[in-house]
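Novice: My questions will all concern the structure given below.
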Amino acid sequence: MKKVLLFAVILGGAVAFTSCGKDECECTYNGQTETFNEDDVNGGDLEEACNAADALYKIADSSASCKMK
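Pasting the structure below:
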């Protein structure tokens, strides 16, 4: 019983920790930095949006970049 309770506490803590953490995408273009997160992509996939933004910025400026933080 103690092992089950301990497992439940550890699992609950891990779920709470990961759900509170938010990933962000940071883009640098023309010396300016812009950051966006999951709320900004309206329910879409943040990593896909970050990769798409990276591709679009690189078309205009090869030194521009977007990366997940």
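Note that the numbering used here has the sequence shown beginning at 21, numbered continuously upward.
Backbone N, C-alpha and C fix where the C-beta goes; we use that ideal spot for every residue, glycine too.
#1: Leaving out five residues before and five after Ala69 in sequence, what residues of the same chain have Cβ atoms less than 7 Å from its Cβ?
#2: Which of helix, strand or coil does DSSP assign to Asn57?
#3: Please name the residue in Cys47, Ala72, Asp43 and Ser83 whose C-alpha comes closest to that of Asn57.
#4: Could you tell me which residues DSSP pairs with Glu44 in its beta bridges?
#5: Per DSSP, what kind of secondary structure is Lys78 in: helix, strand or coil?
Specialist: Concretely, from the data shown:
#1: Cys45 and Val61
#2: strand
#3: It is Asp43 whose Cα lies nearest to the Cα of Asn57.
#4: Asn57
#5: helix
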